[in-house]
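**Student:** To start, I am sharing the structure in question, which I have written as structure tokens.
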Amino acid sequence: MVRIAVVEGDGIGHEVIPVARSVLGAVRPDFEFFDVEVGYGRWERTGSACDSGTIADLRSADAILFGAVTTPPDPGYRSVVLQIRHDLDLYANIRPVRGEGFNIVIVRENTEGLYSGIEWRESDRACTLRVISEKGSRRIARCACTLARQRRHLTIGNKANVLKSDVLFVDICRQEAERAGVPYETRYIDALCLDILMHPDRYDVIVTTNIFGDILSDTAGYLAGGLGMLPSANIGDRYAFFEPVHGSAPDIAGQNIANPIAAIRSGVMLLRHFDDTGNAAAVEEAVGKTLAKGIRTPDLGGTTGTREFGEAVLRELSHGTKT
Ligand code: NAD
Ligand code: IPM
Ligand code: MN
Numbered sequence: 045m046v047r048i049a050v051v052e053g054d055g056i057g058h059e060v061i062p063v064a065r066s067v068l069g070a071v072r073p074d075f076e077f078f079d080v081e082v083g084y085g086r087w088e089r090t091g092s093a094c095d096s097g098t099i100a101d102l103r104s105a106d107a108i109l110f111g112a113v114t115t116p117p118d119p120g121y122r123s124v125v126l127q128i129r130h131d132l133d134l135y136a137n138i139r140p141v142r143g144e145g146f147n148i149v150i151v152r153e154n155t156e157g158l159y160s161g162i163e164w165r166e167s168d169r170a171c172t173l174r175v176i177s178e179k180g181s182r183r184i185a186r187c188a189c190t191l192a193r194q195r196r197h198l199t200i201g202n203k204a205n206v207l208k209s210d211v212l213f214v215d216i217c218r219q220e221a222e223r224a225g226v227p228y229e230t231r232y233i234d235a236l237c238l239d240i241l242m243h244p245d246r247y248d249v250i251v252t253t254n255i256f257g258d259i260l261s262d263t264a265g266y267l268a269g270g271l272g273m274l275p276s277a278n279i280g281d282r283y284a285f286f287e288p289v290h291g292s293a294p295d296i297a298g299q300n301i302a303n304p305i306a307a308i309r310s311g312v313m314l315l316r317h318f319d320d321t322g323n324a325a326a327v328e329e330a331v332g333k334t335l336a337k338g339i340r341t342p343d344l345g346g347t348t349g350t351r352e353f354g355e356a357v358l359r360e361l362s363h364g365t366k367t
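Number 303 in the numbering used here belongs to position 259 of the sequence shown; there are no gaps in the numbering.
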């Protein structure tokens with residue numbers, strides 16, 4: 045048995061994750077799913093969004109499938125997803141963006157940078173410390189270079205013209221690219237956000253620091269049809285956590301209109317993590333065939349509901365196994 049922790053979280057997490065879970069269950073009867081509750085809803089009900097017992101439950105799983113959590117901009121509330129990434133040391137956030145004529149993987153550093161958590165309030169200002177360490181940069185650079193070696197080249201997204209912390213980040217990434225024999229280029233992140241939209245075919249693996257990767261991946265979502273399409277994997281040396289790039293989308297939650305493709309594709313990344321390329325390809329193909337029939341959720345111009353889209357994917361999968 046492979047034990048998968050399932051965290052729906054908040055908002056549309058309750059709608060898209062059940063779809064992804066049923067798709068995974070259909071191809072992998074050996075997956076044993078167990079639910080873990082975290083998030084704002086739990087905090088409102090119990091006063092705790094996530095505690096050490098929750099983290100222990102997540103650590104006990106072979107992999108984690110996660111929806112999204114609501115994080116209010118309240119100084120007294122800490123984002124659960126950031127807590128989990130930190131506690132499980134999930135340092136590599138892998139965010140593929142694919143479409144016709146382009147195949148990009150954003151490799152986002154996931155534990156430091158502007159998300160260091162070192163923040164304080166002074167009388168008339170609030171400060172957040174941007175921490176770029178040699179160790180943190182080296183491990184994400186190695187991860188990106190391993191990917192780039194199997195592909196084409198590496199782009200190092202940075203703002204080293206302004207931020208001294210990015211001079212260190214770029215230096216370490218260059219060292220690792222040279223060591224791995226990976227062709228690389230550096231690009232300033234602001235220009236990169238535009239160029240990825242204008243010339244997506246020019247990019248392959250892009251490594252960047254935490255918040256730049258956050259912004260670049262939502263930007264790149266435009267290329268793939270929106271946030272409803274983008275999956276991600278948060279990987280460390282011991283744990284693996286799969287989640288859509290999007291959030292809890294309170295504006296559409298509870299209406300059965302959220303696009304579950306990002307969540308299903310996060311499940312595909314989970315399958316590939318277990319080297320199950322056959323089922324991963326079968327699920328991808330089933331999603332592609334469903335879309336090709338014009339079955340789409342409203343964000344893609346269709347009228348199909350979240351659950352009904354999931355049912356259509358399951359039907360495609362069952363056809364696939366019969367032939
Ligand atoms: P969001 O990603 O939740 O939504 C942005 C826009 O995209 C919204 O209009 C939403 O309706 C749309 N959208 C997102 N996912 C969609 C889907 N699957 N199908 C169709 N439309 C979709 O970002 P936001 O509105 O900035 O944030 C909402 C909450 O989610 C905030 O509390 C934020 O902190 C949180 N958030 C959590 C995560 C996470 O848990 N990993 C990620 C991002 C944002
Ligand atoms: C993401 C989200 C998170 C982030 C938030 C919700 C903490 O935007 O996963 O992209 O900023 O990393
Ligand atoms: Mn984000």
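Every residue gets a Cβ at the ideal spot worked out from N, C-alpha and C, and that includes glycine.
Consider the C-beta atom of S96 and the heavy atoms of ligand 2; say whether any pair is separated by less than 7 Å.
**Tutor:** It does not: the Cβ of S96 is nowhere closer than 7 Å to a heavy atom of ligand 2.
**Student:** Per DSSP, what kind of secondary structure is S362 in: helix, strand or coil?
**Tutor:** In this structure, S362 counts as helix in the three-state DSSP scheme.
**Student:** With burial defined as no fewer than 16 other Cβ atoms inside 10 Å of the residue's Cβ, what is the status of P288: buried or exposed?
**Tutor:** The residue in question, P288, is buried, as its Cβ has 16 or more Cβ neighbours within 10 Å.
**Student:** Smallest Cα separation from I305: which of E163, V151, G322, T350?
**Tutor:** Answer by Cα proximity: T350.
**Student:** Flag this pair as yes or no: are the beta carbons of I308 and V67 separated by less than 8 Å?
**Tutor:** Result yes, Cβ atoms of I308 and V67 sit closer than 8 Å.
**Student:** Between the beta-carbon of V214 and the beta-carbon of N205, is there less than 8 Å?
**Tutor:** In this structure, N205 does not lie closer than 8 Å to V214 by Cβ.
**Student:** Less than 8 Å between the CB atoms is what I'm expecting for S292 and G53, so what's the real figure, rounded?
**Tutor:** With 8 Å as the limit, S292 and G53 qualify as a contact, their Cβ atoms being about 6 Å apart.
**Student:** Going by other Cβ atoms of all chains shown within 10 Å of its Cβ, with 16 needed for buried, is K366 buried or exposed?
**Tutor:** Caution is warranted here: a pLDDT of 48 is assigned to K366, below 50, making its placement in the model unreliable, and no coordinate value can be reported.
**Student:** Suppose you measure from the CA of T199 to the CA of P73; what does that come to, to the nearest Å?
**Tutor:** Approximately 39 Å between the Cα atoms of the pair.
**Student:** Whole-angstrom Cβ separation of C189 and E220, contact assumed at under 8 Å?
**Tutor:** 5 Å between Cβ atoms; contact.
**Student:** Touch check for the region 270-283 and the region 228-247: three-plus C-beta pairs under 8 Å?
**Tutor:** Segments in contact, no.
**Student:** Kindly give me the distance between the Cβ atoms of N303 and G272, rounded to whole angstroms, as I take these residues to be in contact under 8 Å.
**Tutor:** Confirmed, Cβ separation roughly 3 Å.
**Student:** In three-state terms, what does DSSP make of N202?
**Tutor:** DSSP places N202 in strand when its eight states are reduced to three.
**Student:** Check the DSSP bridge columns for P288 and list the partner residues they point to.
**Tutor:** Answer is P275.
**Student:** Could you give the uninterrupted runs of the alpha helix (DSSP H) lying entirely in the region 188-269, keeping only those of 4 residues or more?
**Tutor:** Counting whole runs of 4 or more residues, the region 188-269 contains the alpha helix (DSSP H) stretches 208-224, 233-242, 254-268.
**Student:** Which residues does DSSP pair with F389 in a beta bridge?
**Tutor:** Summary: the structure shown does not reach residue 389, with the chain confined to residues 45 through 367, and so no result is reported for it.
**Student:** Rounding to the nearest angstrom, what Cα-Cα distance links R196 and G270 in this structure?
**Tutor:** Near 25 Å, if we compare the C-alpha coordinates of G270 and R196.
**Student:** Pull up the distance between the alpha-carbon of V71 and that of P119, whole angstroms please.
**Tutor:** Straight-line Cα distance between these residues: approximately 43 Å.
**Student:** So, do the region 313-324 and the region 95-114 have three or more beta carbon pairs nearer to each other than 8 Å?
**Tutor:** Touching, yes, given that three or more Cβ pairs across the two stretches are closer than 8 Å.
**Student:** Cutting at 7 Å between CB atoms, please list the residues of its own chain near D343, excluding the five before and the five after it.
**Tutor:** Only G270, G272, N303 meet the Cβ criterion.
**Student:** Taking DSSP as the reference, what is the three-state secondary structure of T367?
**Tutor:** Here the model assigns T367 a pLDDT of 44, short of 50, so the residue's position is not dependable and the matter cannot be decided.
**Student:** For N154, list the residues DSSP reports as bridge partners.
**Tutor:** Beta-bridge pairing links N154 to no other residue.
**Student:** Which class does L109 belong to by DSSP, given the choice of helix, strand or coil?
**Tutor:** DSSP places L109 in strand when its eight states are reduced to three.
**Student:** When a residue counts only if its C-beta is closer than 6 Å to some heavy atom of ligand 2, which residues count, in chain order?
**Tutor:** Ordered along the chain, the selected set is T115, S123, V125, L126, D258, V289, G291.
**Student:** What did DSSP end up calling G180 once you bin it into helix, strand or coil?
**Tutor:** In this structure, G180 counts as helix in the three-state DSSP scheme.
**Student:** Between F78, A136, G225, V80, which has its C-alpha nearest K179's C-alpha?
**Tutor:** With distances taken between Cα atoms, K179 lies closest to A136.
**Student:** Which partner residues does G53 have in the DSSP bridge list?
**Tutor:** Paired residue(s): A112.
**Student:** For G354, tell me which candidate among L158, V60, G298, F75 has the shortest Cα-Cα distance.
**Tutor:** If we check each option's Cα against that of G354, V60 comes out closest.
**Student:** E328 lies in the alpha helix (DSSP H); which residues open and close that run?
**Tutor:** Segment 321-336, the alpha helix (DSSP H) holding E328.
**Student:** Answer yes or no: the CB of I296 versus the heavy atoms of ligand 1, is any distance below 7 Å?
**Tutor:** Correct: I296 has its Cβ closer than 7 Å to ligand 1.
**Student:** For the candidate residues P117, R359, V51, E88, whose alpha-carbon lies nearest to that of A326?
**Tutor:** Nearest of P117, R359, V51, E88 to A326, Cα basis: R359.
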